[in-house]
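There are 2 protein chains.
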Amino acid sequence: MVNQLAVVGGGVIGLSVAWRAAAAGHRVTVLDPSPGRGASWVAGGMLAPITEAWPGEEAALSLGEESLRRWPEFAAALSADGGDPGLSTAGTVVVALDRGDADQLGVLAEYLRSVGREVESVAGRRLRSLEPGVNGVRALLVPGDLAVDNRRLLRSLHAAAIRHGVKFVDDDAIDVGPGRVRTVSGELNCDAVVIAAGARSGRLHQALAVRPLKGEILRLRARRTSLPPPSRTVRAVVEGRPVYLVPRAGGELVLGATQYEAGFDETVGARGVRELLEGAARLFPSIDEYELVETAAGFRAASVDALPFIGELDEGVYAATGHHRNGLLMAPVTADAIVAWLDGEAPPEQVVAADPHRLGGK
Amino acid sequence: MVNQLAVVGGGVIGLSVAWRAAAAGHRVTVLDPSPGRGASWVAGGMLAPITEAWPGEEAALSLGEESLRRWPEFAAALSADGGDPGLSTAGTVVVALDRGDADQLGVLAEYLRSVGREVESVAGRRLRSLEPGVNGVRALLVPGDLAVDNRRLLRSLHAAAIRHGVKFVDDDAIDVGPGRVRTVSGELNCDAVVIAAGARSGRLHQALAVRPLKGEILRLRARRTSLPPPSRTVRAVVEGRPVYLVPRAGGELVLGATQYEAGFDETVGARGVRELLEGAARLFPSIDEYELVETAAGFRAASVDALPFIGELDEGVYAATGHHRNGLLMAPVTADAIVAWLDGEAPPEQVVAADPHRLGGK
């Protein structure tokens, strides 16, 4: 059966759902005043289930890994539609700046091995030969944790969706129910609706306990005379704060990310910029010579546990939100699940853990 | 005699010269692809001859003070023409963050007293009562060093110049000689020409030994919940680097300024932003809670000594450039000098020291 599908939100999740659903033959309308923006525009671009893993969050790890397995096919389909997500397969390195950090890395490595994931621990000398200019007394190599160019991805998804006939409406949803979406300027009738409104999804359905978790990132560019960016994604914890450096093609580098509760305040803070630059200069001192191109803030859609909300909320009303730091990673598995439900098929089994009713809301 | 005057450059100097000359009855054309921009757009806005003073640079101090004496009348004339430079008369405080800085402050205070300028030295406790939230073990109060809102000033000068019939031409000068300016798109004939092209003046006349001295500034804004900016301009040297905070009306704060040789590279550097934010957080920790609104870079027009170039270069060809950190301060005396020469009158005596031929160039 071909559905008339409404997708609320045109970030990476909404665009992926819209594109895959349209490619499967559904008629799709995306509601978003500025598709391709929002949190996914500000993201670092990591596809990193392993280095985001945490003891007790195995369901999130499995869901992330399942989505990462689907990423090459997702990228190939995008490529067939004329797009390019800028997928980098150089991998990730997690760096310890001192002995205390090294102990923590050991704990992480042990945990990952206990759940069957292989990582390689290397000394500082090996790190320096692999990534010149990166400081560290020890490091974990995680070749399976990848990265995409989030902005290329968003532009590609937007174009691919249009190519498959997806209609974009410059409007905002106020209320969602079975068979209809009420918007700022009217009402849209549909057979099914997907709530993919990120941090703003909570106001659309009471079961969606998501809140904004603000993040700031900086975008930098190597000068001709400075050391080029690392080849891998480099992560560390500097003075208790996570810092990552994600290289882009052409000498660009994304530096992230702060993380705090600030409601929907979109401004960039002096403290965040200072702490990111200080942390990055500890990790990769050459960054001091880089040009600072952009500062930006966005809102992760955080749930109370580590899992997103993917599933049917009411008849024909689906959730695809709450992806926290992992929206880019989880876009393929989320889109595949929604399309499976629309087509009356079984979704990937790992999404069961992301049932939007798991917290007892209704 | 009424001249047809060409002014090359529409920064604070060029606009001031053009406005005052037009008000005196001359017919003026300003050549600048983007008038009101350039270094004066990026400036902090300090009118601070005293706290910029340095032993051995008494001629610059006298010239700066003479211009500051002319500032109230300059501002009143601008006001009569419908403008408003946002002149703040709250004064300046120079802060010592530790005992070593305090010794340096003592040396500066002693020098200023030796040349007859009164400054008041206060203890840290008094500083905290005067400027809540500002750190310091000791401070010098310099009530006579003022500040303007550089961007309001530039907009006001531009509007006042237009009001007096100044013509603005979106073009760039390539070569200047008596009676003519050759530009990218043609030639302009005139009775007199003023070179006020800031750091780019050197290419227009061989006697003008000016070079670009890059500076980066940040513009910040207090949040509703944060401590408001200091009421005075606050200056200090943090780890050998000068830092200043210049408050603006409405909770804005300009934080400056880095200073280094980088040719005409206009990009903002990661190191500059990091060091400014670190220095400011030492001086005024509440700045961490502020919004970072803008980062920008500009080029001071530096001469080899501390003085600008103000005077006749060749017959009918005048220099009004090389103002280094003091263009906003020295705009009134510079404009008055040029207009005096045009009208065959005596210029302010302090500009003799700024003779463009003093270095032996020709």
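Just so you know, the protein sequences line up as chains A and B, in that order.
So for the first sequence, full-length UniProt numbering puts the first residue at 1; every next one is plus one.
So for the second sequence, full-length UniProt numbering puts the first residue at 1; every next one is plus one.
Note that the Cβ used here is the ideal one computed from N, Cα and C, for glycine as well.
- Taking B/E216 as the centre and dropping the five residues before and after it, the same chain places the C-beta of T258, V268, G272 and A297 closer than 6 Å to its C-beta, in chain order.
- DSSP places A/T267 in the coil class of the three-state scheme, outside both helix and strand.
- Contacts between B/I287 and chain A, judged by CB atoms closer than 8 Å, involve A270 in chain order.
- A/A60 is the residue among A/L218, A/A60 and A/A48 whose C-alpha sits nearest the C-alpha of A/S303.
- Cβ-Cβ separation between A/V193 and A/V317: approximately 5 Å, consistent with a contact (criterion under 8 Å).
- Here A/S156 has L78, G83, D84 and P85 as same chain residues with Cβ atoms under 7 Å from its own Cβ, once five neighbours each way along the sequence are excluded.
- As computed with DSSP, A/D145 is found in no beta bridge at all.
- Residue pairing for B/Q4: DSSP places it in a beta bridge opposite B/R27.
- Take B/S226, set aside five residues on each side of it, and the residues of its chain with a beta-carbon closer than 7 Å to its own are S286, E289 and Y290, in chain order.
- When rounded, the separation of the alpha-carbon atoms in A/V30 and B/I195 is 57 Å.
- For B/E66, the enclosing alpha helix (DSSP H) covers residues E58 to A80.
- The beta carbons of B/A320 and B/T334 sit closer together than 8 Å.
- Chain-order list of chain A residues neighbouring B/V273: V273, L277 and L292, by C-beta distance under 7 Å.
- Note: A/P212 is bridge-paired with A/A301 in the DSSP secondary-structure output.
- Closest by C-alpha distance to A/A262, out of A/L276, A/L213 and A/P230, is A/L213.
- B/V115 counts as exposed, since fewer than 16 other beta carbons sit within 10 angstroms of its beta carbon.
- Our two residues, B/L108 and B/D355, have alpha carbons roughly 28 Å apart in a direct line.
- Of all residues in the region 34-53 of chain B, none places a beta-carbon less than 8 Å from a beta-carbon of chain A.
- Rounded to the nearest whole angstrom, the C-alpha separation of B/R126 and B/L97 is 14 Å.
- Rounded to the nearest angstrom, the gap between the Cα atoms of B/H324 and A/L146 is 49 Å.
- Considered as a whole, the region 180-260 of chain A harbours 180-183, 186-189, 192-195, 211-221, 233-238, 241-247 and 252-256 as its complete beta strand (DSSP E) runs of no fewer than 3 residues, in chain order.
- Going by DSSP, A/G106 is part of the alpha helix (DSSP H) stretching over R99 to S114.
- Rounded to the nearest angstrom, the Cβ distance from B/L245 to B/P230 is 6 Å, consistent with a contact under 8 Å.
- C-alpha of B/F299 to C-alpha of B/N150: approximately 15 Å in a straight line.
- Take A/P178, set aside five residues on each side of it, and the residues of its chain with a beta-carbon closer than 7 Å to its own are D314, E315, G316 and V317, in chain order.
- The beta carbon of A/L283 does not come within 8 Å of any beta carbon belonging to chain B, so the residue lies off that interface.
- Leaving aside the five residues that flank A/V42 on each side, the residues in its chain whose CB is nearer than 6 Å to its CB run, in chain order, I217, A296 and G298.
- At least one C-beta of chain A is nearer than 8 Å to the C-beta of B/L220.
- Against chain B, the beta carbon of A/T295 has neighbours under 7 Å at L292, listed in chain order.
- At least one C-beta of chain B is nearer than 8 Å to the C-beta of A/T267.
- CA-CA distance, B/D81 to B/A160, rounds to 6 Å.
- In this structure, the alpha-carbon of A/E131 lies about 18 Å from that of A/R224.
- B/Q104 and B/L112 have their alpha carbons spaced roughly 12 Å apart.
- With fewer than 16 other Cβ atoms inside 10 Å of its own Cβ, A/W54 counts as exposed.
- When beta bridges are read from the DSSP output, B/E291 appears opposite A/G269 and B/R221.
- The bridge partners DSSP lists for B/E312 are B/Y318.
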